[in-house]
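J.: Numbering-wise (numbering that gives the first Met the number 0), the sequence shown opens with residue 0 and increments by one. Think of the CB as a built atom: it goes at the ideal place given N, C-alpha and C, for glycine as much as any other residue. Since the model is a prediction, treat every value here as computed from it, not as a measurement. After the structure tokens below, expect a handful of questions from me.
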Amino acid sequence: MKDFKKPPFKQKAVAIGFTLGVHLLAVVGLLYLGMSTPPEAPKQIKTVLIKPEDLPPPEPVPLEQTDTVETVHENQATEITQTAEPSIEPAPVIPVPATTSASLQATETAKRAEEKAKAAEAEKLKAQADAKAKTDAASRAKAEALAKQK
């Protein structure tokens, strides 16, 4: 049979050593931060308003500096020749998807179904109104008949 008893102090010594090490490191770090000089406060920024007239005009800066002294009128070709004739190509044929007719049919059927539903609902409301009018008329007739009998 195995002996499951182990010395209990071995793990406690490691745990105590680790805890003391972490605390020592934390205390040294806090002392270092506490004894260092604080960062200097930001300086106040002074704002000055300037009118556009007070600014000096900007100096022109050349876009490109070249060493040559050639100008356009000296370096211009007398004739412009075209090397290739322009080719006229037909426009590419873009296939139109056939789903447009199907989608049109689908929208038409949806519209028809909506119209049928609206018509059925209107007819149902009309039938309910007629039935209510009949019941009201019957109840009035009964009330009048009872009133005449008394």
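1) From the DSSP output, in three-state form, read off serine 35 for me.
2) Whole angstroms are fine: how far does the CA of lysine 133 sit from the CA of alanine 126?
3) Quick one: Cα of leucine 103 to Cα of leucine 62, how far?
4) Using only the alpha-carbon positions, how far apart do phenylalanine 17 and alanine 25 sit?
5) In whole angstroms, give me the CA-to-CA distance for arginine 139 and lysine 131.
6) Helix, strand or coil for lysine 45 per DSSP?
7) According to DSSP, simplified to helix, strand and coil, what is isoleucine 87?
8) For leucine 30, name the three-state secondary structure that DSSP assigns.
9) Given this structure, state the Cα-to-Cα distance separating isoleucine 44 from leucine 54, to the nearest angstrom.
T.: Reading from the atomic positions:
1) coil
2) 11 Å
3) 59 Å
4) 12 Å
5) 12 Å
6) coil
7) coil
8) helix
9) 21 Å
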